[in-house]
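Per my numbering, numbering of the sequence shown is gapless, rising by one per residue and ending at 419. The beta carbon of each residue, even a glycine, is placed where N, CA and C say it ideally should be.
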Amino acid sequence: MKAVVVGAGLAGIAATWALQQHGYECVLLESSDRIGGRMKTTTLGKHSVDEGFHVLHTAYPTLGRWLDIERLNLKPMDPATSLITPSSGRLQTLGDPLRAPLLMLPSLFTAGPWNSLRMLRWRLKSKKKDLEYAMDHPTLSIDKGFESMRFSPSFRDTFLHPLFTGITLDNERRERTSFASFTWAAMSHGSMTMPKDGIQAVPQQLASHLKENTIRYDTKVRSVSSSEVELENGETIGADLVVVAVPQHIANTWLENPQQILRKQTATFVFEAEQSPLDKSRLLLNREYEQENQNILHVHVPTLLHPSSKHLVVATVVGEIASDHEKKSVQKAIHEELGQWFGQNAASWKLIGTTHVDYALPSGSVTAKGRKRMELVHAGVYYIGDHTTHPSVHGTLRSVERLLENLEISLPLRPS
Ligand SMILES: Cc1cc2nc3c(=O)[nH]c(=O)nc-3n(C[C@H](O)[C@H](O)[C@H](O)COP(=O)(O)OP(=O)(O)OC[C@H]3O[C@@H](n4cnc5c(N)ncnc54)[C@H](O)[C@@H]3O)c2cc1C
Numbered sequence: 004m005k006a007v008v009v010g011a012g013l014a015g016i017a018a019t020w021a022l023q024q025h026g027y028e029c030v031l032l033e034s035s036d037r038i039g040g041r042m043k044t045t046t047l048g049k050h051s052v053d054e055g056f057h058v059l060h061t062a063y064p065t066l067g068r069w070l071d072i073e074r075l076n077l078k079p080m081d082p083a084t085s086l087i088t089p090s091s092g093r094l095q096t097l098g099d100p101l102r103a104p105l106l107m108l109p110s111l112f113t114a115g116p117w118n119s120l121r122m123l124r125w126r127l128k129s130k131k132k133d134l135e136y137a138m139d140h141p142t143l144s145i146d147k148g149f150e151s152m153r154f155s156p157s158f159r160d161t162f163l164h165p166l167f168t169g170i171t172l173d174n175e176r177r178e179r180t181s182f183a184s185f186t187w188a189a190m191s192h193g194s195m196t197m198p199k200d201g202i203q204a205v206p207q208q209l210a211s212h213l214k215e216n217t218i219r220y221d222t223k224v225r226s227v228s229s230s231e232v233e234l235e236n237g238e239t240i241g242a243d244l245v246v247v248a249v250p251q252h253i254a255n256t257w258l259e260n261p262q263q264i265l266r267k268q269t270a271t272f273v274f275e276a277e278q279s280p281l282d283k284s285r286l287l288l289n290r291e292y293e294q295e296n297q298n299i300l301h302v303h304v305p306t307l308l309h310p311s312s313k314h315l316v317v318a319t320v321v322g323e324i325a326s327d328h329e330k331k332s333v334q335k336a337i338h339e340e341l342g343q344w345f346g347q348n349a350a351s352w353k354l355i356g357t358t359h360v361d362y363a364l365p366s367g368s369v370t371a372k373g374r375k376r377m378e379l380v381h382a383g384v385y386y387i388g389d390h391t392t393h394p395s396v397h398g399t400l401r402s403v404e405r406l407l408e409n410l411e412i413s414l415p416l417r418p419s
């Protein structure tokens with residue numbers, strides 16, 4: 004049996020590994036010259052830098068089923084978020100009281116008792132063994148959901164909205180509340196970690212299980228059917244099984260009833276600094292995000308987890324401004340904004356590069372219920388990837404597990 008898998012991101016690689024181990028003769032077609040898709044680590048200066056702020060949640064049950072976690076050399080971020088009010092320079096902390104009891108008082112002070120109780124209630128409703136549980140029920144859109152959970156307007160504006168803008172990579176947070184509950188459950192029941200060699204180490208580890216010459220690089224697929232794929236260069240490849248693992252905006256063009264797709268963009272501005280402006284590996288979230296001249300959503304310092312010769316200060320933006328990341332005027336504005344956050348120290352930081360991700364996350368109905376967003380099979384072609392489930396590493400791997408369940412193929416066994 005021959006299988007053609009289109010797209011060497013996390014989903015395509017995982018599926019190819021399982022199919023190959025089950026005896027399929029596989030070819031994995033990738034339009035670019037590298038694997039990993041949106042889980043991408045690049046080199047800026049002498050540093051490995053992830054394209055976009057990307058963490059691996061240890062609470063995802065799929066990680067243990069697919070990955071040798073030890074080999075990733077993961078380091079956990081602090082179980083707290085720092086908040087900055089740039090206009091006053093005020094810094095506050097919001098921590099998980101169950102994992103960082105010492106932060107209970109400062110967190111209570113930041114959020115106030117009313118919001119703290121609601122956060123705790125939201126956490127207690129989550130299920131450690133079933134993070135996706137909330138998706139079984141219809142919910143509202145994220146912002147409406149927060150309103151209905153009765154968080155105060157100022158807590159929503161200055162904490163929940165910026166936090167979930169970062170998670171959905173959309174300034175309007177057009178996602179369902181049940182997805183927010185899923186990520187909240189993942190944050191509550193595990194750590195946010197980063198692999199030593201960057202996020203691309205995750206798809207790379209899976210690809211290390213593939214047979215030699217399985218992947219064809221620089222091979223762009225133009226169209227697909229149940230029995231063959233056609234390449235941009237006109238070549239066709241026949242197959243018994245065709246699996247499409249490309250991002251939503253590409254898959255959409257091959258479907259009979261294409262959906263309306265949102266363009267979600269993010270960029271990072273990466274500075275080299277002698278000293279870290281933060282003392283803990285936390286996300287520093289902007290309480291005044293989107294107010295006048297407040298473009299930076301958050302800042303983090305990955306070198307606090309995996310030390311390097313110099314520190315990296317990474318400022319993240321979301322939305323249209325991301326597409327201007329290479330403009331000198333925008334880079335200057337971001338540097339000046341960091342000066343407002345961190346004072347004179349920021350002036351000596353050197354911009355070593357920027358990263359940009361277009362169509363960073365898929366979009367879908369903001370109210371739909373269910374763990375899957377799309378049928379597995381369309382016109383005889385199998386579709387996997389985050390847009391078929393939900394926009395996360397866990398959702399992506401679940402989409403592959405759904406394919407395997409349907410084909411009655413077991414999960415691949417890692418070499419011991
Ligand atoms: C900036 C950012 C931060 C994120 N942060 C998190 C996070 O913190 N936690 C979390 O759980 N998830 C996060 N995610 C989501 C997660 O990275 C994705 O859900 C996951 O990587 C999707 O994998 P995929 O295989 O479905 O798609 P992709 O990674 O997009 O892979 C698709 C592949 O198909 C290839 N391709 C496209 N068109 C063609 C064609 N015509 N022919 C051949 N090949 C083609 C592409 O080049 C690509 O390699 C983040 C994503 C981004 C972008």
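Relative to ligand 1, Val-224 has its C-beta within less than 7 Å of a heavy atom.
At a threshold of 7 Å, Leu-134 does not count as near ligand 1, since its beta carbon sits no closer than that to any of the ligand's heavy atoms. The stretch 147–154 and the stretch 94–105 do not touch, with fewer than 3 CB-CB distances between them shorter than 8 Å. It is roughly 38 Å from the alpha-carbon of Glu-291 to the alpha-carbon of Ser-35. Looking at the DSSP output, Asn-289 shares a beta bridge with Ile-87. Cβ atoms of Leu-31 and Thr-19 come within 8 Å of each other, at about 5 Å. Counting along the chain, the unbroken alpha helix (DSSP H) around Val-333 starts and ends at 331–345. Here the distance from the Cβ of Thr-269 to the nearest heavy atom of ligand 1 is below 7 Å. For Glu-178, no alpha helix (DSSP H) encloses it, and the DSSP letter there is neither H nor E.
At a threshold of 7 Å, Ala-62 does not count as near ligand 1, since its beta carbon sits no closer than that to any of the ligand's heavy atoms. Relative to the Cα of Lys-5, the nearest Cα in the group Leu-13, Glu-28, Gln-23 belongs to Glu-28. The beta carbon of Ser-311 sits closer than 7 Å to the beta carbons of His-50 from its chain, once the five residues preceding and following it are set aside; these are given in chain order. Gly-26 and Lys-214 have their C-alpha atoms roughly 12 Å apart. Assignment of Arg-401 by DSSP, reduced to helix, strand and coil, places it in the helix class. Around Arg-177, the same chain offers Val-369 as residues with beta carbons nearer than 6 Å, after the five sequence neighbours per side are excluded. In the structure shown, His-164 falls within a helical segment according to DSSP collapsed to helix, strand and coil. Taking every protein chain shown into account, the CB of Asp-282 has fewer than 16 other CB atoms within 10 angstroms, so this residue is exposed.
If you look at Val-205, you'll find it in the alpha helix (DSSP H) that goes 204–210. CA-to-CA, the gap between Glu-339 and Pro-89 works out to about 12 Å. By the C-beta density criterion, Phe-112 is exposed, having fewer than 16 other C-beta atoms within 10 angstroms. With a cut-off of 8 Å on Cβ pairs, the stretch 6–15 is in contact with the stretch 198–216, counting three or more such pairs. Remark: the shortest separation between the CB of Thr-399 and any heavy atom of ligand 1 falls under 7 Å. Across the structure, Thr-391 and Ser-181 are spaced so that their CA atoms are roughly 16 Å apart. Following the DSSP letters along the chain, one finds Met-107 inside the alpha helix (DSSP H) bounded by residues 107–128. Here the C-alpha atom of Pro-82 lies approximately 8 Å from the C-alpha atom of Met-190. Scanning its chain for C-beta atoms nearer than 8 Å, with the 5 sequence neighbours on each side dropped, one finds around Leu-288 the residues Thr-84, Ser-85, Leu-86, Ile-87, Phe-162, Pro-165, Leu-166, Gly-169, Leu-300, His-301, in chain order. In the structure shown, Leu-97 falls within a strand segment according to DSSP collapsed to helix, strand and coil. An exposed status is given to His-140, since fewer than 16 other beta-carbon atoms sit within 10 Å of its beta-carbon. Under the Cβ criterion (8 Å, minimum of three pairs), the stretch 350–359 counts as touching the stretch 39–49.
Each of Glu-275, Ser-326, Val-245 was checked against the Cα of Ala-349, and the nearest Cα belongs to Glu-275. Between the stretch 229–249 and the stretch 324–337 there are fewer than three C-beta pairs closer than 8 Å, too few to call the two in contact.
Its chain contains Phe-154, Ser-155, Phe-158 as the residues whose beta carbon lies nearer than 7 Å to that of Asn-118, once the 5 sequence neighbours on both sides are disregarded; these appear in chain order. Apart from sequence neighbours up to five positions away, the residues of its chain that approach Gln-334 with a beta-carbon distance below 8 Å are Phe-272, His-328, Leu-354, Thr-357, ordered along the chain.
Non-local C-beta neighbours of Glu-233 in its own chain, meaning closer than 6 Å and more than five positions away in sequence, comprise Arg-225, Ser-226, Thr-239, ordered along the chain. For the pair Lys-78 and His-314, the CB atoms are not nearer than the 8 Å cut-off.
Pro-394 has its alpha-carbon roughly 14 Å from the corresponding atom of Trp-187.
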